[in-house]
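Asks:
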Amino acid sequence: MKKLMLSVVGAVALGLGGCGGASRTETTGPGPDFPADAQGQRFELRLKGVNNPGYDSALVQVRRISVTTVEGEALPVRLKSRFPMELTHPEQAHLVGLFLVPEGVERVKVEVTFDDFGGYEASSEGGVIDTRVAPLRFEAPLAYLSEHGRAVVHLDLKQSLQTQGEAKLLLPSLDVRY
Amino acid sequence: MQRGWKAAAMAVVLAGAGAASAHEFTCDKRVQVKGEGQGTPGEAPRVTKFPATLRFHYKLRNVHPTGESVADLVEDPLLARYGFGTPFPTPMGVGVGESRDATFELKLDTPEACQALAASDGRVDDSFDSALRVKWALGETQCAARVTCCEPFVDCELTCPPDDPGCVETPSPVAPGPSRNAGFFKVHEQALQQCLAGGGLELGVARVESLEQALGLLWASPGLDRHGGVRTETDALRFELAREALVATCNERLFGASEKRGRALDAALRTLGGTSGETGLERLVRELGRHNDAGLGKPLPGGFDAGRATPAHAARIAVDPLEPGRR
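Residue numbers (the working numbering), protein chains in the order written: chain A, 1 to 178; chain B, 1001 to 1327.
In structure tokens:
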């Protein structure tokens, strides 16, 4: 079973070029990412940790994503992040999910809901990251998304992880880059 | 799972954030409850007295090293309904090394008004999380703050409205014993191992026998199954209920039984076992989660050693025990 899981993940995980490089789509996995009749331009949503003040590990998990038009119409999404995302890897933008945007839509609203808890480790301590927070939300203009086929959320670890007793509370400080 | 996500980690590599933009901002948002003192350092301020006044403070800095940055739109959308959607007029240019400040005060007359504010952020809990959003050419910057509402009839200082002489204050409920939530067991493998020493757990959707399986229930994605397929919302809720049932069982085994939690756990196990239908899954998840959270501040029994927090190792060895389709 583990081998199967590995092969699936290995197939799903594709490298991306540096900034400015063309994005690559990810069509592998347990089945098609979207129903056959779903139409639209396909985009990636990625999450990356930046400004790490010294954590050896900072793991979070995403529970769900949703993408809508500005008017509130739900667009097809496919969650892809099956494993906890290690935000301390400075050059890694994790694939959170994919979404389709039909022609004529100029701007979309993106919402990311985290799973309840993650975990962190630093040189002398470790503990829980409490991710029971309001969903992370932003609006993405199609003109920007189309640039590289993706939106990348840069989560500022230093500002976002606030001490709360022995735990860290995730209150997202972030940049959205395209 | 371990090697799987490591493989993903190595494969998905994305270089820097894009070409240097002419516009770069950072922002800072804080909230203070006037008249409540400073509270516990590092923790979100808590509203316990009413009427209360929340003071939101915003700072927007241009961090571009050489040029002016222009914010096209600055908003705090969740506060728009309270009359404060746009802290700064836009477009707004901020020079090199400069910053701009703004404040907003919001008055809350009752605990109910505070709870309504907390409910408006899209998450059912006692906290209001809101973000300042700064939109600029080819990007957006956000910073968030939290304020937590007291719970009426639990820790609000004034629960009766001053103009209602017929209102009777309800005494605080009996404080629960110690308990820990899913986050604690997620990162403390030694505590989880001690729980499993009491025997495997039949959770309907899965039988948990090993540390790896228990960690799998805690670390795996509720949204995706072990093959990467999307779980239906019902399956995701069953997964989350099994997770809270695991945690509640560990609380009972390690820190002592609680009557209310025991009742909620029984109801959860009946539902997971398929003997009581699937209605109210979300309510059961929330209720059991609340019981698991209830004794968070209480010290653990003397002599109990939870061990070091080792989330990275725990996540590496975790194996999702749920076989897709099992009921």
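Just so you know, even glycine gets a beta-carbon here, dropped at the ideal spot from N, CA and C.
1. Does any residue of chain E bring its CB to less than 7 Å from the CB of Ser1258 (chain B)?
2. Tell me, please, whether the CB atom of Arg1055 (chain B) is closer than 7 Å to any CB atom in chain A?
3. If you draw a straight line from the C-alpha of Arg46 (chain A) to the C-alpha of Gly1122 (chain B), how long is it?
4. Applying the 10 Å Cβ sphere with the 16-neighbour rule, what's the burial state of Lys1107 (chain B)?
5. Check whether the Cβ atoms of Leu161 (chain A) and Arg1146 (chain B) lie closer than 7 Å to each other.
6. CB-CB under 7 Å to Trp1136 (chain B), same chain, minus the five flanking residues each way: which ones, in chain order?
7. Short of 6 Å in beta carbon distance, which residues of its chain neighbour Glu166 (chain A), apart from the five on each side in sequence? Order them along the chain.
8. Are the beta-carbon atoms belonging to Lys1059 (chain B) and Ser1099 (chain B) less than 7 Å from one another?
9. In chain order, what residues of the same chain have a beta carbon less than 6 Å from the beta carbon of Leu169 (chain A), not counting five sequence neighbours either side?
10. Return the first residue and the last residue of the alpha helix (DSSP H) that Ser160 (chain A) is part of.
11. Classify Phe43 (chain A) as helix, strand or coil using the three-state DSSP reduction.
12. Taking 7 Å as the CB-CB limit, is Asp33 (chain A) close to chain B?
13. Which of helix, strand or coil does DSSP assign to Ser173 (chain A)?
14. Could you tell me how far apart the beta carbons of Lys976 (chain B) and Gly119 (chain A) are, in whole angstroms, since I believe they sit closer than 8 Å?
15. Since Arg132 (chain A) meets chain B, which of its residues come closer than 8 Å, beta carbon to beta carbon?
16. If I'm right that Leu1192 (chain B) touches Leu1215 (chain B) with Cβ under 8 Å, what's the distance once you round it to whole angstroms?
17. Between Ala1341 (chain B) and chain A, is there a C-beta pair that is closer than 7 Å?
18. With burial defined as no fewer than 16 other Cβ atoms inside 10 Å of the residue's Cβ, what is the status of Val1124 (chain B): buried or exposed?
19. Assuming Ala1052 (chain B) and Val1031 (chain B) make a contact with CB atoms under 8 Å, what is their CB distance in whole Å?
20. Work out the CA separation of Gly1223 (chain B) and Val1285 (chain B) for me, nearest whole Å.
21. So, helix, strand or coil for Phe1185 (chain B), using DSSP?
22. Measure the beta-carbon distance from Lys158 (chain A) to Glu139 (chain A) and round it to whole angstroms, keeping in mind my assumption that it falls under 8 Å.
23. Residues of chain A with CB closer than 7 Å to the CB of Leu1224 (chain B), please, in chain order.
24. Pairing CB atoms from the stretch 72 to 82 of chain A with CB atoms from the stretch 96 to 105 of chain A, are three or more of them under 8 Å?
25. What residues from the stretch 104 to 121 of chain A come within 9 Å of chain B, judged by C-beta to C-beta, listed N to C?
26. Using 7 Å as the limit for Cβ to Cβ distance, is Arg1290 (chain B) near chain A?
27. So what's Leu1132 (chain B) in DSSP terms, helix, strand or just coil?
28. Identify whether Ser1099 (chain B) lies in helix, strand or coil by the three-state DSSP scheme.
29. Any idea if Gln1115 (chain B) is buried or exposed, counting beta-carbon neighbours within 10 angstroms, 16 or more meaning buried?
30. What are the boundary residues of the alpha helix (DSSP H) that Arg1283 (chain B) is part of?
31. Relative to the C-alpha of Ala1102 (chain B), which residue among B:Cys1027, B:Gly1273, B:Arg1226 is closest?
32. Using 10 angstroms around the beta-carbon of Val1094 (chain B), count the other beta-carbons present and answer buried if the total reaches 16, otherwise exposed.
33. In three-state terms, what does DSSP make of Tyr178 (chain A)?
34. Which of helix, strand or coil does DSSP assign to Arg1238 (chain B)?
35. Take Gly1018 (chain B) and list the residues in its own chain whose beta-carbon comes closer than 6 Å to its own, dropping the five residues that flank it on each side.
36. Counting only beta-carbon atoms, is Thr1141 (chain B) nearer than 7 Å to chain A?
Replies: Reading it off the structure:
1. Annotation note: the requested chain E is absent from the structure, which comprises protein chains A and B.
2. Within the second sequence, numbered from 1, the residue matching residue 1055 (chain B) stands at position 55. Closer than 7 Å: no.
3. Here the question's residue 46 (chain A) lines up with position 46 in the first sequence. Here the question's residue 1122 (chain B) lines up with position 122 in the second sequence. For Arg46 (chain A) and Gly1122 (chain B), the distance between alpha carbons rounds to 22 Å.
4. On the second sequence, position 107 is the one that residue 1107 (chain B) refers to. Looking at its Cβ environment, which holds fewer than 16 other Cβ atoms inside 10 Å, Lys1107 (chain B) is exposed.
5. Position 161 of the first sequence, counted from the start, is the residue given in the question as residue 161 (chain A). Position 146 of the second sequence, counted from the start, is the residue given in the question as residue 1146 (chain B). No. Outside cutoff.
6. Translated into positions along the second sequence, residue 1136 (chain B) becomes position 136. For Trp1136 (chain B), where only same-chain residues beyond five positions count, the Cβ hits under 7 Å are His1023, Phe1025, Ser1069, Val1070, Ala1071, Asp1072.
7. Here residue 166 (chain A) corresponds to residue number 166 of the first sequence, with the count starting at 1. Excluding sequence neighbours, Glu166 (chain A) sits near Gly127.
8. Counting from 1 along the second sequence, the entry for residue 1059 (chain B) is found at position 59. Counting from 1 along the second sequence, the entry for residue 1099 (chain B) is found at position 99. For Lys1059 (chain B) and Ser1099 (chain B), yes; Cβs fall inside 7 Å.
9. Start at 1 with the first residue of the first sequence, and residue 169 (chain A) comes out as number 169. Same-chain partners within the cutoff: Asp130, Gln162.
10. For this step, residue 160 (chain A) is matched to residue 160 along the first sequence. Its alpha helix (DSSP H) spans residues 157 to 160.
11. One-based indexing of the first sequence puts residue 43 (chain A) at position 43. Reduced to three states, the DSSP call for Phe43 (chain A) is strand.
12. Counting from one through the first sequence, the residue named residue 33 (chain A) turns up at place 33. It does not: the Cβ of Asp33 (chain A) has no partner Cβ on chain B nearer than 7 Å.
13. Here the question's residue 173 (chain A) lines up with position 173 in the first sequence. Three-state DSSP puts Ser173 (chain A) in coil, outside helix and strand.
14. The question about residue 976 (chain B) has no answer, for chain B in this structure spans 1001 to 1327.
15. Along the first sequence, one-based indexing puts residue 132 (chain A) at 132. Those within 8 Å of Arg132 (chain A) in chain B are Arg1123, Asp1125.
16. Locating residue 1192 (chain B) in the second sequence gives position 192, where the first residue counts as 1. Locating residue 1215 (chain B) in the second sequence gives position 215, where the first residue counts as 1. With 8 Å as the limit, Leu1192 (chain B) and Leu1215 (chain B) qualify as a contact, their Cβ atoms being about 7 Å apart.
17. Residue 1341 (chain B) is absent from the structure shown; chain B starts at 1001 and stops at 1327.
18. Stepping through the second sequence from its first residue, residue 1124 (chain B) is reached at position 124. Counting Cβ neighbours within 10 Å, Val1124 (chain B) comes out exposed, since fewer than 16 surround it.
19. For this step, residue 1052 (chain B) is matched to residue 52 along the second sequence. For this step, residue 1031 (chain B) is matched to residue 31 along the second sequence. That belief does not hold up - the Cβ atoms of Ala1052 (chain B) and Val1031 (chain B) are roughly 11 Å apart, past 8 Å.
20. Taking the second sequence and counting its residues from 1, the one referred to as residue 1285 (chain B) is at position 285. Taking the second sequence and counting its residues from 1, the one referred to as residue 1223 (chain B) is at position 223. Going by the C-alpha atoms only, they are around 15 Å apart.
21. Counting from 1 along the second sequence, the entry for residue 1185 (chain B) is found at position 185. DSSP places Phe1185 (chain B) in helix when its eight states are reduced to three.
22. On the first sequence, residue 158 (chain A) is found 158 positions in, with the first residue counted as 1. On the first sequence, residue 139 (chain A) is found 139 positions in, with the first residue counted as 1. Rounded, the Cβ-Cβ distance is 25 Å, inconsistent with contact.
23. As a first step, residue 1224 (chain B) must be located in the second sequence, where it is residue number 224. Correct list: Leu79, Arg82.
24. yes
25. Glu111, Thr113, Asp115, Asp116, Phe117, Gly118, Gly119, Tyr120, Glu121
26. Locating residue 1290 (chain B) in the second sequence gives position 290, counting from the first residue. No, Arg1290 (chain B) lies away from the interface with chain A (no Cβ there is under 7 Å from its Cβ).
27. Counted from its first residue, the second sequence places residue 1132 (chain B) at position 132. Correct three-state label for Leu1132 (chain B): strand.
28. On the second sequence, residue 1099 (chain B) is found 99 positions in, with the first residue counted as 1. Correct three-state label for Ser1099 (chain B): strand.
29. Locating residue 1115 (chain B) in the second sequence gives position 115, where the first residue counts as 1. Buried.
30. To locate residue 1283 (chain B), count along the second sequence from 1; it is residue 283. Looking at the DSSP string, the run of the alpha helix (DSSP H) that includes Arg1283 (chain B) is 1281 to 1294.
31. Along the second sequence, one-based indexing puts residue 1102 (chain B) at 102. Measuring from the Cα of Ala1102 (chain B), the nearest candidate turns out to be B:Cys1027.
32. To locate residue 1094 (chain B), count along the second sequence from 1; it is residue 94. Per the 10 Å Cβ criterion, buried.
33. The sequence position of residue 178 (chain A) within the first sequence is 178, counting from 1. Coil, per DSSP.
34. As a position in the second sequence, residue 1238 (chain B) is number 238, starting the count at 1. In this structure, Arg1238 (chain B) counts as helix in the three-state DSSP scheme.
35. Along the second sequence, one-based indexing puts residue 1018 (chain B) at 18. For Gly1018 (chain B), the pLDDT reaches just 33, beneath the cut-off of 50, and the residue's location in the model is therefore unreliable, although a value from the coordinates is still provided. Correct list: empty, nothing qualifies.
36. Here residue 1141 (chain B) corresponds to residue number 141 of the second sequence, with the count starting at 1. Yes, contact with chain A.
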